[in-house]
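The next block holds one structure in the form of structure tokens; read it before the comments.
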Amino acid sequence: MFFSKLSGVGKARVRVYALLLACDLVVLALSARVNIFQEFFLLPVAADLFPFALSIVTLVVLLGMMMADLAIYDAVITRPAFELAWLGVLSFLWLETRFLLAAGFNAFSSSRWAHLTPSMCGNIPIGYEAEKLWCQEMVALRAFVWIEWVILFLSFGFLLRYVTTRSAEGDKHIWTTSLSRFVPNQSSIGHLSFTNVQGEFIQWEKFPSH
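Numbering that gives the first Met the number 0 puts the first residue of the sequence shown at 0, with every later residue one more than the last.
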């Protein structure tokens with residue numbers, strides 16, 4: 000019922016965030032297993048713990064956004080300016096965590112992750128099944144961390160382009176409206192129309208001029 004009442008961009012937004020939520024849950028599960036194996040050991044580096052903590056933060060933000068959208072009509076935190084802010088911040092944190100870690104390691108390229116490959120995991124001898132599983136999960140975690148960053152970055156880019164384009168076309172109210180309920184003004188639809196939002200935030204086609 001709720002999904003059918005959403006605007007076109009709102010439906011695309013729900014699909015993208017559902018994909019992001021699924022990826023984040025995978026990262027959370029993998030990072031939890033990796034750190035359980037390591038007994039959440041903080042030294043010599045904390046880079047292995049950061050994806051675990053950041054995935055929890057991302058999960059809380061996503062669920063908070065979705066709940067606010069369901070419970071509060073036109074909630075402030077579901078407006079473009081707020082969404083662009085948290086998408087930008089999370090994109091930065093997932094990409095570059097060395098500024099937040101005292102050890103100065105990046106969550107994607109710490110010395111502990113740099114030399115792990117699927118082939119290396121396959122070369123672990125029989126009798127070290129737990130270590131082999133840890134290695135495989137660490138490789139998978141590294142891949143899903145990158146996937147999550149890509150989803151966040153593309154979401155930020157598409158949303159920024161869509162909002163600025165609509166605003167430039169006369170839909171100034173987009174900045175004060177929840178994306179789930181945003182509908183372009185009829186006056187601006189004559190210039191650009193939102194035609195397909197199945198896989199991304201923006202696809203337009205120009206109307207023929209008369």
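No residue lacks a Cβ here, since even glycine has one placed at the ideal position from N, Cα and C.
Secondary structure of GLY169 (DSSP, three-state): coil. For PRO79, the number of other beta carbons within 10 angstroms of its own is at least 16, and it is reported as buried. Straight-line measurement puts the Cα of ILE150 at about 27 Å from the Cα of LYS171.
With fewer than 16 neighbouring CB atoms inside 10 Å of its own CB, GLU128 falls in the exposed class. Non-local C-beta neighbours of VAL162 in its own chain, meaning closer than 8 Å and more than five positions away in sequence, comprise PRO79, LEU83, ILE173, TRP174, ordered along the chain. Taking C-alpha positions only, GLY126 is separated from LEU62 by approximately 42 Å.
For GLY9, the CB contacts under 6 Å within the same chain, skipping 5 residues up- and downstream, are LEU178, SER179 in chain order. Distances from the alpha-carbon of PHE81 to those of ASP23, PHE155, PHE51 put PHE155 closest.
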